[in-house]
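The numbering of the sequence shown is the working numbering, which starts it at 366 and goes up by one.
Glycine included, C-beta positions come from ideal geometry on N, C-alpha and C.
Small disclaimer: the values here were computed from a predicted structure and weren't measured.
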Amino acid sequence: MSTDPSPAAYREPPVFRIGVLGRGTVGSAFAELVVEHADRIQRITGLRPELSGVLSRSSGDFSQILEASDLIVELIGGIEPARGYVLQAMRAGRHVVTANKQLLSQYGDELFTAAGESGVQLRFEGSVAGAVPVIRVLQESLAGARIDRVHGIVNGTTNFILSEMARLRITFDQALAEAQRLGYAEADPTDDVDGRDAAAKMAILARLAFGAPVHLDQVRYDGIRQITPDDMEYARELGLGLKLIGTAERIGEALSVRVHPAFLYPGHPLASVNGPFNAVTVESAAITEITMSGPGAGGPQTATAVLGDVVSAMIPPASPPEEMVELPIVSDIVSAFYLHLEVADEPGVLALVAQVLSTHGVSVKSVVQKGMSEQARLVMVTHPVLESRFFRATDEISRLDALRAPPRSIRVIEEEF
Ligand SMILES: NC(=O)c1ccc[n+]([C@@H]2O[C@H](COP(=O)([O-])OP(=O)(O)OC[C@H]3O[C@@H](n4cnc5c(N)ncnc54)[C@H](OP(=O)(O)O)[C@@H]3O)[C@@H](O)[C@H]2O)c1
């Protein structure tokens, strides 16, 4: 009997080639992570991840990178050329991972159709709430639950600003300057502070939660520029905290998706989320409520989510995406409100305001009267009411002679868990 003394021939593991578009904050952190975790990813997937090329404005060639890759990671941001590259990659049979919320919230239908037609995966965990794995939880872990509502603090910049305004009793402009100094806000913070960034993320979450093709244009949004230290002060007296809240919910057989500042009672799971953090609460009869929170942005944090998607894409087979069902979007919903009125300091004003509110079916839950003469204020919280009724009432109140400034209102989320 002959024995072969030579050791088993060593075979290189098969390689999985990753092309990266963008070498900015997230792109460069991602490239470093791939190298750092290559051994571990090889143990998990049986494939050795390798970077096949990195594209920036000044270096790399997209066609060459595409040709040399099994998967494309898009970290350029914005619409073009990101959209063209992503479509081209999927049509060439490459999986795509992206963190681009603007692209997904505006061209989701086109992108998911292209992925389905080409039989490739399109993954996007990094597009919402950075390192917090909300996409995977909605898509996979909660696939067996009928989701009724998603609430989210999905913009870290505005959460930081509101937290600082409450903590230090400073103005919006002062808190924004601090956020910019610490790198939590960009030089042009418009998309963040006006709520558009959060709206894009809520469109993505609504698509997943309800299996409906929600577009950014269908998301109503308000930002936080108009919030004053006064609002914070009175809210504190009423036991409320202020957040920029994204909501996606079923209303009958329709949906409402919106972003606006909202007051929360202390028992709400999002009330304690402070600073640049993100958090998402998912509600369903089957699970009651699940809240996930953590860092919502940052290069290494977002790159971690992107790499998680790459690892998932390396482990086939991909399941075909669910059929989307078109659902109507509701614009007039029921909400409680905080109402702040600067009024003339004279008898009968409260009665007059109460009369107008009652005519429109708005009932008041609590009221605080503050100050004297030029400083006189009426601050109240209403019971839930159809928004259109409330705004008709405030419209009428704004025309009262006793009003010294336009009424200010902010929605209040009543639920506590
Ligand atoms: N930063 C975060 O914390 C964060 C968090 C969550 C999600 N995201 C998302 O991640 C993506 C990337 O964000 P980022 O902060 O890393 O952006 P970034 O720092 O501005 O980097 C963008 C990169 O894309 C490259 N690029 C821009 N236009 C290009 C073009 N026409 N052709 C080729 N390359 C181009 C830039 O090239 P040059 O280097 O030559 O300028 C740069 O390397 C965005 O979709 C963003 O929304 C970011």
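{"Asked": "Measuring only from the beta carbon, is SER434 closer than 8 Å to any heavy atom that is part of ligand 1?", "Found": "no"}
{"Asked": "For VAL399, which of MET737, ARG764, PRO665, SER696 has the nearest alpha-carbon?", "Found": "PRO665"}
{"Asked": "Using a Cβ-based criterion (distance less than 8 Å to any ligand heavy atom), does SER421 qualify as near ligand 1?", "Found": "yes"}
{"Asked": "Provide the residue span of the beta strand (DSSP E) that contains PRO626, from first to last.", "Found": "619-629"}
{"Asked": "For THR536, which of helix, strand or coil comes out of DSSP?", "Found": "coil"}
{"Asked": "Ligand 1 heavy atoms versus the CB of LEU507: any closer than 8 Å?", "Found": "no"}
{"Asked": "Alpha carbon to alpha carbon, what distance is there between GLN591 and PHE477?", "Found": "37 Å"}
{"Asked": "Measure the Cβ-Cβ separation of GLY606 and GLY588 and say whether it is below 9 Å.", "Found": "no"}
{"Asked": "Between THR646 and GLY509, is the Cβ-Cβ spacing less than 9 Å?", "Found": "no"}
{"Asked": "Which ranges does the alpha helix (DSSP H) cover as unbroken runs of at least 4 residues, wholly within the region 463-536, from first to last along the chain?", "Found": "466-483, 521-533"}
{"Asked": "Work out the CA separation of SER483 and LEU468 for me, nearest whole Å.", "Found": "19 Å"}
{"Asked": "Who are the Cβ neighbours of MET366 in its own chain at under 6 Å, not counting the five residues just before and after it?", "Found": "Low local confidence applies: a pLDDT of 41 at MET366 is under 50, so the model's placement there is unreliable, and no value is given."}
{"Asked": "Round the Cβ separation of GLY418 and GLY449 to the nearest angstrom and send it over; I've been treating them as touching at under 8 Å.", "Found": "Their Cβ separation, rounded to whole angstroms, is 17 Å, which puts GLY418 and GLY449 out of contact at 8 Å."}
{"Asked": "Report the residue from TYR549, PRO554, VAL584, ARG388 whose alpha carbon sits nearest the alpha carbon of ALA564.", "Found": "VAL584"}
{"Asked": "Ordered along the chain, which non-local residues of its own chain (more than five positions away) have a Cβ less than 6 Å from that of ASP474?", "Found": "PRO578"}
{"Asked": "Can you tell me which of ARG757, PRO414, LEU452, THR463 puts its alpha carbon nearest to the alpha carbon of ALA668?", "Found": "THR463"}
{"Asked": "Do the CB positions of ASN524 and LEU609 come within less than 9 Å of each other?", "Found": "yes"}
{"Asked": "So THR593 and PRO554 are in contact, right, with Cβ under 8 Å, and what is the actual spacing, rounded?", "Found": "Contact doesn't hold; Cβ gap of about 18 Å is too wide."}
{"Asked": "Examine ligand 1 and report whether any of its heavy atoms sits within less than 8 Å of the Cβ of LEU468.", "Found": "yes"}
{"Asked": "Measuring only from the beta carbon, is VAL391 closer than 8 Å to any heavy atom that is part of ligand 1?", "Found": "yes"}
{"Asked": "Specify whether the region 696-716 and the region 738-746 touch according to this definition: at least 3 beta carbon pairs, one from each stretch, less than 8 Å apart.", "Found": "yes"}
{"Asked": "Can you tell me whether ARG615 is helix, strand or coil according to DSSP?", "Found": "strand"}
{"Asked": "Under the three-state reduction of DSSP, which class applies to ILE430: helix, strand or coil?", "Found": "helix"}
{"Asked": "From MET679 to THR410, what distance separates their C-alpha atoms?", "Found": "7 Å"}
{"Asked": "If you compare alpha carbons, which of SER393, ASP404, GLU397 is closest to PRO379?", "Found": "ASP404"}
{"Asked": "Return the residue from the list GLY491, PHE381, SER731, PHE395 that minimises the CA-CA distance to GLY659.", "Found": "GLY491"}
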